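Just so you know, we're using the working numbering here: the sequence shown kicks off at -7 and counts up by one.
We treat Cβ as the ideally placed atom computed from N, Cα and C, and that holds for glycine.
Bear in mind the structure is a predicted one, so any value in this text is a computation, not a measurement.
The structure appears right after this line, and notes come after that.
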Amino acid sequence: MARVCCFLRERCISDRFWAKLFKQKWGAVVGDSFYREWQCYVSSRRVPGFLNSRAQKRGLFHFFSGIFLKNLRMNERDVVSRCSLPVNSVMSCYLALETGKFWFPAQVFNRENGHIGFVLSCYDAKLSYDATSDNFVARYPSHGKSMIEEDVDWDRIRAPSVDTAANATHVSTCLGELKPDDHVEIQWRRNKAFPYGWWYGVVGHIESCTACHNECHCKCHINDVVILEFKQYSAESRWRKVLVSRKDHTETGDETVGFYGGIRKLCNKEEIERWRHLWPDCTLA
């Protein structure tokens, strides 16, 4: 009986079993930065203390620990030993997320609950899951004290789009291929003391172009200047458009309009549709 129980236990905590569950629930919101952060978390916690805390009283761990405690009938020392998991196991990772113990890196659309100053943007954050509400608490890096936002739902979260730190300018590799009507994201920050966020826009036609409605005659794609338009803003807004150099683009801007950084072209239809789904009901000034 003991051998059967040990066999079942090994099956239930195996990485192969938990990897599928992990991918189903967390796959869309974690990326490379998550795994790096998790490895650092593991290194600082050789003993998975979260398994012996209040997490033991609820959720999936309660199910597993109940089986072991009731059926195996071991002494207390054996229970602790047998219920301990390899700290780097997939199950340990899953439970660290599920219980909110592990704050993981991701990006949040329309931060601060859709504040008008962040419409159609996506910012880096550390997130903690709240199983009770099935939502997240987000902690945003900023100049000074971190900002906290509660009740962030799944639809507003994505894995980081690129492996670039929030305070670093992304290296743009798509400038040579940009043409009118391409969808893009561009880094923007209020001033150089703040982290970047990613903002949605489209490539427009240069003012001298007379072939806006005839792609065959349009030469904007070979011009040294690229026009990026943010059509959520009115035509008179200072944030409606920005000109960037196709050949030697670096961070550009000033304290009035903010600073524009790296650009990434959106080729995935799902990414584009996600931005469109967030489009505001009215034009911003």
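(message) Could you compute how far the alpha carbon of LYS17 sits from the alpha carbon of TRP146?
(response) In the sequence shown, counting from the first residue as 1, residue 17 sits at position 25. In the sequence shown, counting from the first residue as 1, residue 146 sits at position 154. Approximately 10 Å, taken between the alpha carbons.
(message) Measuring alpha carbon to alpha carbon, tell me which residue in VAL236, PHE222 and SER237 is nearest ARG230.
(response) As a first step, residue 230 is located in the sequence shown; it is residue number 238 there, counting from the start. Closest by alpha carbon: PHE222.
(message) Residues in the same chain with beta-carbon distance under 6 Å from VAL129, minus the five sequence neighbours each way, listed in chain order, please.
(response) On the sequence shown, residue 129 is found 137 positions in, with the first residue counted as 1. SER120 and GLU142, listed in sequence order.
(request) Mind listing, in chain order, the continuous beta strand (DSSP E) runs of no fewer than 3 residues lying wholly within the segment 180 to 244? (result) 189 to 196, 217 to 221 and 233 to 237
(message) Runs of 3 residues minimum, wholly inside the segment 124 to 183: which ones carry the beta strand (DSSP E) assignment?
(response) 127 to 132, 139 to 144 and 175 to 181
(message) Helix, strand or coil, according to DSSP, for CYS4 in the structure here?
(response) Taking the first residue of the sequence shown as position 1, residue 4 is located at position 12. In the structure shown, CYS4 sits in a helix (DSSP, three-state: H, G or I).
(message) Going by DSSP in three states, PHE94 sits in which element: helix, strand or coil?
(response) Here the question's residue 94 lines up with position 102 in the sequence shown. PHE94: coil per DSSP, three-state reduction.
(request) May I have the straight-line CA-CA distance separating ASP7 from ARG103, to the nearest angstrom? (result) Working through the sequence shown from its first residue, we reach residue 7 at position 15. Working through the sequence shown from its first residue, we reach residue 103 at position 111. Straight-line Cα distance between these residues: approximately 34 Å.
(request) Could you tell me which of HIS175, ALA11 and SER164 sits nearest to ILE285, measuring between CA atoms? (result) Only positions -7 to 277 of the chain appear in the structure, and residue 285 is not among them; the question remains open.
(request) Please check the pair LYS261 and CYS166, which I expect to be a contact at CB under 8 Å, by giving their CB distance rounded to whole angstroms. (result) Here residue 261 refers to the residue found at position 269 of the sequence shown. Here residue 166 refers to the residue found at position 174 of the sequence shown. That belief does not hold up - the Cβ atoms of LYS261 and CYS166 are roughly 17 Å apart, past 8 Å.
(message) Comparing C-alpha positions only, which one of VAL144, CYS32 and CYS210 sits nearest to ALA123?
(response) The sequence position of residue 123 within the sequence shown is 131, counting from 1. Checked all of VAL144, CYS32 and CYS210; the closest Cα to ALA123 is VAL144.
(message) By the three-class DSSP mapping on this structure, what secondary structure does VAL249 have?
(response) Indexing the sequence shown from 1 puts residue 249 at position 257. Reduced to three states, the DSSP call for VAL249 is coil.
(message) According to DSSP, is TYR86 part of a helix, a strand, or is it coil?
(response) Here the question's residue 86 lines up with position 94 in the sequence shown. In the structure shown, TYR86 sits in a helix (DSSP, three-state: H, G or I).
(request) Using alpha carbons as the reference points, say which of GLY196, HIS162 and PRO172 lies closest to PRO187. (result) Working through the sequence shown from its first residue, we reach residue 187 at position 195. With distances taken between Cα atoms, PRO187 lies closest to HIS162.
(request) Just the C-alpha distance for PHE94 and ASP216, rounded to the nearest angstrom, thanks. (result) Looking up residue 94 in the sequence shown gives position 102. Looking up residue 216 in the sequence shown gives position 224. So the two alpha carbons sit approximately 46 Å from each other.
(message) Classify HIS197: buried if its beta carbon has 16 or more other beta carbons within 10 angstroms, exposed otherwise.
(response) Counted from its first residue, the sequence shown places residue 197 at position 205. Looking at its Cβ environment, which holds 16 or more other Cβ atoms inside 10 Å, HIS197 is buried.
(request) Quick one: give me the first and last residue of the alpha helix (DSSP H) that SER25 is part of. (result) Counting from 1 along the sequence shown, the entry for residue 25 is found at position 33. Segment 24 to 36, the alpha helix (DSSP H) holding SER25.
(request) Express the C-alpha separation of ALA158 and LEU89 in angstroms, rounding to a whole number. (result) Translated into the one-based positions of the sequence shown, residue 89 becomes position 97. Translated into the one-based positions of the sequence shown, residue 158 becomes position 166. Using only the alpha carbons, I get a separation of about 23 Å.
(request) Compare the Cα-Cα distances from GLY92 to each of ALA11, LEU13 and SER125 and report the closest residue. (result) For the purposes of this step, residue 92 is identified with residue 100 of the sequence shown, where counting begins at 1. Minimum Cα distance to GLY92 is reached at SER125.
(message) Starting from GLY109, trace the alpha helix (DSSP H) in both directions and tell me its first and last residue.
(response) Against the sequence shown, residue 109 aligns to sequence position 117. Run containing GLY109: none; DSSP gives neither H nor E here.
(message) On the DSSP bridge list, what partners appear for PHE101?
(response) Within the sequence shown, numbered from 1, the residue matching residue 101 stands at position 109. Looking at the DSSP assignment, PHE101 forms a beta bridge with CYS114.
(request) State buried or exposed for ILE140, treating a residue as buried only when at least 16 other CB atoms are found within 10 Å of its CB. (result) By 1-based counting over the sequence shown, the position of residue 140 is 148. The residue in question, ILE140, is exposed, as its Cβ has fewer than 16 Cβ neighbours within 10 Å.
(request) Can you have a look at CYS85 and say buried or exposed, based on whether 16 or more other CB atoms are within 10 angstroms of its CB? (result) In the sequence shown, residue 85 corresponds to position 93, counting from 1. Per the 10 Å Cβ criterion, buried.
(message) Is it buried or exposed, SER25, if we count other Cβ atoms within 10 angstroms and call 16 or more buried?
(response) Counting from 1 along the sequence shown, the entry for residue 25 is found at position 33. Burial call: buried.
(message) What would DSSP say about LEU13, mapped onto helix, strand or coil?
(response) What you label residue 13 is simply residue 21 of the sequence shown in a count that begins at 1. LEU13: helix per DSSP, three-state reduction.
(request) Could you check the C-alpha separation between THR156 and GLN99 for me, to the nearest Å? (result) Looking up residue 156 in the sequence shown gives position 164. Looking up residue 99 in the sequence shown gives position 107. Rounded to the nearest angstrom, the two C-alpha atoms are 12 Å apart.
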